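To start, the structure itself, in structure tokens.
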Amino acid sequence: MIRSEVGYVSTQPVEVAVQEKVQDTLIVEEEPVTVKKEKVGLTDGADLMRYCIIVGSFIYRQNAINLRSDLMRRGFLGCSIMQNSEGMYRVSAVCDDTHADAARELIRIRRQYPQFRDAWLLEVKED
């Protein structure tokens with residue numbers, strides 16, 4: 001103990017609990033928005049626009065129908081199924097006429113729906 005102006009002060013070490021601030025927000029790296037151009041034909045759903053956000057690709061039509069039904073239950077009422085020249089069924093959650101709006105919606109879908117983080121943008125090729 002040491003004498004000071006206010007009395008005796010202990011010189012023994014004191015343990016102090018330090019609390020670290022932990023960030024509880026998940027930071028997701030955004031994948032770049034790339035566009036694949038493809039000629040497709042509509043099989044089910046809303047009319048096609050120039051850009052479509054593809055959330056699933058299937059060989060079997062029934063798998064595409066199942067995903068489209070799930071999308072409709074989630075509120076994606078403009079979802080559709082299209083087929084490309086190789087016979088693959090593409091399931092789109094949303095279509096838009098402008099690249100900027102479609103890209104924004106793609107990023108929103110990737111963030112809000114982790115199961116669709118691999119979604120991509122299809123530009124519908126004209127005849």
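Residue numbers (full-length UniProt numbering): 1 to 127.
Idealized CB from N, CA, C, for every residue including glycine.
On a predicted model such as this, the values are computed, not experimentally measured, just so you know.
For residue i, the three-state DSSP class (helix, strand or coil)
{"i": "alanine 119", "result": "coil"}
{"i": "alanine 100", "result": "helix"}
{"i": "leucine 42", "result": "strand"}
{"i": "isoleucine 107", "result": "helix"}
{"i": "isoleucine 54", "result": "strand"}
{"i": "glutamine 12", "result": "coil"}
{"i": "leucine 26", "result": "Note on leucine 26: pLDDT 49, under 50, position unreliable in the model; the coordinate value appears next. Correct three-state label for leucine 26: coil."}
Residue i - containing alpha helix (DSSP H), residue span
{"i": "serine 80", "result": "Taken as a continuous stretch (DSSP letters only), serine 80 belongs to no alpha helix (DSSP H), being part of the beta strand (DSSP E) at 80-84."}
{"i": "leucine 67", "result": "61-73"}
Best match in the options for proximity to residue i [C-alpha to C-alpha]
{"i": "methionine 66", "options": "Trp120, Ala93 and Lys125", "result": "In the sequence as presented, methionine is not what sits at residue 66; that position holds asparagine. It is Ala93 whose Cα lies nearest to the Cα of asparagine 66."}
{"i": "leucine 48", "options": "Pro114, Arg108 and Thr98", "result": "Thr98"}
{"i": "tyrosine 51", "options": "Met88, Pro114 and Ser80", "result": "Ser80"}
{"i": "serine 85", "options": "Met72, Val33 and Lys37", "result": "Lys37"}
Beta carbon of residue i nearer than 8 angstroms to that of residue j
{"i": "arginine 90", "j": "valine 35", "result": "no"}
{"i": "arginine 110", "j": "alanine 119", "result": "yes"}
{"i": "isoleucine 54", "j": "glutamate 105", "result": "no"}
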